[in-house]
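Undergrad: Protein chains in written order, with our numbering: chain A, 1 to 226; chain B, 1 to 226.
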């Protein structure tokens with residue numbers, strides 16, 4: 001299986017059984033995510049900004065307004081991009097052994113700006129990744145809009161995944177404590193689509209979009225059982 | 001209404017209508033969150049770690065193993081703690097006006113270690129905040145377990161909230177583009193509790209815990225409509 005090579009930043013120091021460096025695990029966690037938290041050093045202090053993100057091959061992308069101070073600050077900077085799924089709360093017989101099931105990926109690297117000429121293709125990949133067929137149904141993006149948008153990217157290179165699955169791991173002498181123990185799963189689902197009040201066109205229908213999101217969350221839910 | 005005072009770090013530079021500094025808004029977003037992403041500078045590079053977190057009054061807390069390299073590195077360090085809820089995807093008539101509804105809080109400050117003698121009370125507040133009545137049903141926490149646990153805290157002082165609600169904001173000339181436009185809500189819910197296979201005791205029952213989580217997510221869902 002192809003993998004990333006652990007570095008001083010990504011080598012897992014504790015609980016090795018929870019860690020992974022293989023690309024299949026890393027990619028599945030990234031692909032199950034809609035948002036990332038991007039950290040960088042800004043004027044000497046750490047900043048963590050949430051953003052929608054998407055993966056294409058060996059890179060992760062995020063975007064925003066070209067006027068965004070935070071996006072401009074991240075460009076060319078060392079960043080840590082983290083994607084996390086909280087899958088369940090784990091209830092044990094002692095407070096100490098309570099835990100959470102989760103999947104997370106941390107990427108380290110330098111954020112680079114996508115060239116303006118290449119931006120449309122990446123924004124298309126983002127939209128199509130969520131809603132296949134939608135890009136062509138939209139009013140085409142303009143040169144001015146591309147100018148007003150900054151897309152950043154970083155390689156999936158220095159990366160580590162960390163995950164926990166399964167039930168509580170209690171001390172043997174606690175097994176008869178009269179308290180419920182087990183897993184409380186957390187599920188993210190798409191709710192009923194809310195059409196824009198001023199909508200004059202049906203077109204690419206809401207149920208299609210919602211069904212697509214449901215499949216996204218289905219896959220995400222099944223991933224965690226692996 | 002009480003509020004935090006904007007500083008150079010927390011003053012919102014763009015889209016002021018999306019920003020807030022009042023404690024009621026900030027606290028509601030923190031309280032609707034189970035996890036935070038904590039960023040700090042470690043050996044010169046930024047690190048963003050996901051962690052469960054909770055609020056008590058004017059402070060936010062998170063905890064982990066005393067052996068955790070990352071927790072030890074955050075102690076005494078300047079951190080940025082960010083809590084984000086992705087509430088919906090917003091579909092517009094143009095790619096450019098697609099957006100997301102979200103609520104997020106960024107806290108800036110120094111992470112301090114909770115004294116060992118005070119730890120149990122805070123861990124109790126965390127457990128009771130999620131599952132009222134559970135702490136007393138558990139096997140009591142031991143001195144050794146408290147030693148093995150590090151709890152960090154930071155004040156809610158330099159803080160800003162940012163949120164987006166509502167439908168797409170399209171250009172007037174795009175209103176007849178034949179594509180569906182509106183909001184696709186994302187909902188987090190508790191799934192069916194999964195009892196530990198070795199469970200010998202019912203005690204504080206699973207449905208109570210699940211119902212409590214459901215109320216938590218109900219409140220979180222209703223918050224976004226405010």
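Just so it is clear, CB atoms sit at the ideal spot from N, CA and C, and this is done for glycine as well.
Using CA atoms only, rank isn't needed, just tell me which of B/31, B/137, B/136, B/127 is closest to residue 55 of chain B.
TA: Numbered from 1 along the second chain, position 55 holds the residue referred to as residue 55 of chain B. Residue 55 of chain B has its Cα closest to that of B/31, out of B/31, B/137, B/136, B/127.
Undergrad: Answer yes or no: does any C-beta atom of chain A fall closer than 9 Å to that of residue 124 of chain B?
TA: Locating residue 124 of chain B in the second chain gives position 124, where the first residue counts as 1. Output row for residue 124 of chain B: interface = yes.
Undergrad: For residue 160 of chain A, list the residues DSSP reports as bridge partners.
TA: As a first step, residue 160 of chain A is located in the first chain; it is residue number 160 there, counting from the start. Answer is A/106, bridged to residue 160 of chain A.
Undergrad: For residue 78 of chain B, name the three-state secondary structure that DSSP assigns.
TA: As a position in the second chain, residue 78 of chain B is number 78, starting the count at 1. Strand, per DSSP.
Undergrad: Residues of the region 160 to 185 of chain B with a CB closer than 7 Å to any CB of chain A: list them in chain order, please.
TA: Listed by position, the residues of the region 160 to 185 of chain B near chain A (Cβ gap below 7 Å) are 167, 168, 174, 175, 176, 177, 178, 179, 180, 181, 182, 183, 184, 185.
Undergrad: Give a yes or no on whether the minimum CB-CB distance between residue 98 of chain A and chain B is below 9 Å.
TA: On the first chain, residue 98 of chain A is found 98 positions in, with the first residue counted as 1. So, interface residue.
Undergrad: Report yes if the CB atom of residue 108 of chain A is closer than 9 Å to the CB atom of residue 158 of chain A, and no otherwise.
TA: Position 108 of the first chain, counted from the start, is the residue given in the question as residue 108 of chain A. Position 158 of the first chain, counted from the start, is the residue given in the question as residue 158 of chain A. Taking 9 Å as the Cβ cut-off, residue 108 of chain A and residue 158 of chain A qualify as a contacting pair.
Undergrad: According to the neighbour-count rule (16 or more other Cβ atoms, all chains shown, within 10 Å of its Cβ), is residue 79 of chain B buried or exposed?
TA: If you number the second chain from 1, residue 79 of chain B lands on position 79. So residue 79 of chain B ends up on the buried side.
Undergrad: Identify which residue in A/73, A/96, A/122, A/10 has its Cα closest to the Cα of residue 59 of chain A.
TA: Against the first chain, residue 59 of chain A aligns to sequence position 59. Minimum Cα distance to residue 59 of chain A is reached at A/122.
Undergrad: Applying the 10 Å Cβ sphere with the 16-neighbour rule, what's the burial state of residue 168 of chain A?
TA: The residue given as residue 168 of chain A occupies position 168 in the first chain. Classification for residue 168 of chain A: buried.
Undergrad: Excluding the 5 residues preceding and the 5 following residue 35 of chain A in the sequence, name in chain order all residues of the same chain whose CB lies nearer than 8 Å to its CB.
TA: On the first chain, residue 35 of chain A is found 35 positions in, with the first residue counted as 1. Cβ within range, chain order: 50, 51, 52, 53, 83.
Undergrad: Of the residues that make up the region 11 to 44 of chain B, which ones have a beta carbon closer than 7 Å to any beta carbon in chain A?
TA: Here the close residues are 13, 14, 34, 35, 37, 39, 40, 41.
Undergrad: Less than 9 Å between CB atoms is the rule here; does residue 130 of chain A satisfy it with respect to chain B?
TA: For the purposes of this step, residue 130 of chain A is taken as residue 130 along the first chain, with counting starting at 1. Yes, contact with chain B.
Undergrad: Whole angstroms are fine: how far does the CA of residue 183 of chain A sit from the CA of residue 195 of chain B?
TA: By one-based count along the second chain, residue 195 of chain B stands at place 195. By one-based count along the first chain, residue 183 of chain A stands at place 183. Going by the C-alpha atoms only, they are around 6 Å apart.
Undergrad: Residue 150 of chain B and residue 66 of chain B: beta carbons closer than 9 Å?
TA: Position 150 of the second chain, counted from the first residue, corresponds to residue 150 of chain B. Position 66 of the second chain, counted from the first residue, corresponds to residue 66 of chain B. Closer than 9 Å, so yes.
Undergrad: Contact check, residue 101 of chain B vs residue 10 of chain B under 8 Å by CB: the rounded distance?
TA: Within the second chain, the letter at position 101 stands for residue 101 of chain B. Within the second chain, the letter at position 10 stands for residue 10 of chain B. 22 Å between Cβ atoms; not a contact.
Undergrad: Pull up the distance between the alpha-carbon of residue 75 of chain A and that of residue 47 of chain B, whole angstroms please.
TA: Locating residue 75 of chain A in the first chain gives position 75, counting from the first residue. Locating residue 47 of chain B in the second chain gives position 47, counting from the first residue. Each residue's Cα considered, the two are about 17 Å apart.
Undergrad: Flag residue 127 of chain A as yes if its beta-carbon sits less than 9 Å from any beta-carbon of chain B, otherwise no.
TA: As a first step, residue 127 of chain A is located in the first chain; it is residue number 127 there, counting from the start. Yes, residue 127 of chain A lies at the interface with chain B (some Cβ there is under 9 Å from its Cβ).
Undergrad: Between residue 5 of chain A and chain B, is any beta-carbon pair separated by less than 9 Å?
TA: Residue mapping note: residue 5 of chain A aligns to position 5 of the first chain, counting from 1. Judged by the 9 Å Cβ criterion, residue 5 of chain A is not in contact with chain B.
Undergrad: According to DSSP, is residue 121 of chain B part of a helix, a strand, or is it coil?
TA: Your numbering for residue 121 of chain B matches position 121 in the second chain. Three-state DSSP puts residue 121 of chain B in a helix.
Undergrad: Does the Cβ of residue 44 of chain B have 16 or more other Cβ atoms within 10 Å, making it buried, or fewer, making it exposed?
TA: Indexing the second chain from 1 puts residue 44 of chain B at position 44. Exposed is the call here.
Undergrad: Which same chain residues end up closer than 6 Å to residue 190 of chain A when comparing Cβ atoms and leaving out the 5 residues on each side of it in sequence?
TA: Taking the first chain and counting its residues from 1, the one referred to as residue 190 of chain A is at position 190. Contacts found: 210, 213, 214.
Undergrad: Over what stretch of residues does the alpha helix (DSSP H) that includes residue 216 of chain A continue unbroken?
TA: On the first chain, residue 216 of chain A is found 216 positions in, with the first residue counted as 1. Unbroken alpha helix (DSSP H) run through residue 216 of chain A: 206 to 223.
Undergrad: Below 7 Å CB to CB, which residues in the same chain sit around residue 64 of chain B once its five sequence neighbours on both sides are set aside?
TA: By 1-based counting over the second chain, the position of residue 64 of chain B is 64. Once the five neighbours on either side are set aside, the close Cβ partners of residue 64 of chain B are 51, 71, 150.
Undergrad: Based on the DSSP output, what are the partners of residue 47 of chain A in its beta bridges?
TA: Residue 47 of chain A sits at position 47 when you count from the first residue of the first chain. Residue 47 of chain A is bridged to A/40.
Undergrad: Since residue 186 of chain A and residue 92 of chain A should fall inside the 8 Å C-beta cutoff, what is the C-beta to C-beta distance between them, to a whole number of angstroms?
TA: The residue given as residue 186 of chain A occupies position 186 in the first chain. The residue given as residue 92 of chain A occupies position 92 in the first chain. So it is not a contact: roughly 17 Å between Cβ atoms.
Undergrad: Let me see if you follow: with CB-CB separation under 9 Å, is residue 155 of chain A close to chain B or not?
TA: Reading the first chain from its first residue, position 155 is the one you call residue 155 of chain A. Judged by the 9 Å Cβ criterion, residue 155 of chain A is not in contact with chain B.
Undergrad: Out of B/141, B/127, B/134, state which residue places its alpha-carbon closest to the alpha-carbon of residue 117 of chain B.
TA: Sequence index remark: in the second chain, residue 117 of chain B carries index 117 (1-based). When only C-alpha atoms are compared, the closest one is B/141.
Undergrad: On the criterion of 16 or more Cβ atoms from any shown chain inside 10 Å, does residue 57 of chain A qualify as buried, or is it exposed?
TA: The residue labelled residue 57 of chain A in the question sits at position 57 within the first chain. By the neighbour-count rule (16 or more Cβ atoms within 10 Å), residue 57 of chain A is not buried but exposed.
Undergrad: Taking 9 Å as the CB-CB cut-off, is residue 191 of chain B touching chain A?
TA: For the purposes of this step, residue 191 of chain B is taken as residue 191 along the second chain, with counting starting at 1. So, interface residue.
Undergrad: List the DSSP bridge partners of residue 173 of chain B.
TA: Counting from 1 along the second chain, the entry for residue 173 of chain B is found at position 173. Note: residue 173 of chain B sits in no beta bridge, so no partner.
Undergrad: Establish whether the CB of residue 222 of chain B and some CB of chain A are separated by less than 9 Å.
TA: Taking the first residue of the second chain as position 1, residue 222 of chain B is located at position 222. No, its Cβ sits nowhere closer than 9 Å to a Cβ of chain A.
Undergrad: Expressed to the nearest angstrom, what Euclidean distance is found between the alpha-carbon atoms of residue 124 of chain B and residue 113 of chain B?
TA: Here residue 124 of chain B corresponds to residue number 124 of the second chain, with the count starting at 1. Here residue 113 of chain B corresponds to residue number 113 of the second chain, with the count starting at 1. The straight-line gap from Cα to Cα measures roughly 17 Å.
Undergrad: Kindly list the residues whose CB is nearer than 6 Å to the CB of residue 4 of chain A, restricted to its own chain and excluding five residues on each side of it in sequence; keep chain order.
TA: Against the first chain, residue 4 of chain A aligns to sequence position 4. Cβ neighbours of residue 4 of chain A beyond the five flanking positions: 21, 159.
Undergrad: Is the distance from the Cβ of residue 97 of chain B to the Cβ of residue 174 of chain B below 9 Å?
TA: Against the second chain, residue 97 of chain B aligns to sequence position 97. Against the second chain, residue 174 of chain B aligns to sequence position 174. Yes, the Cβ-Cβ distance between residue 97 of chain B and residue 174 of chain B is below 9 Å.
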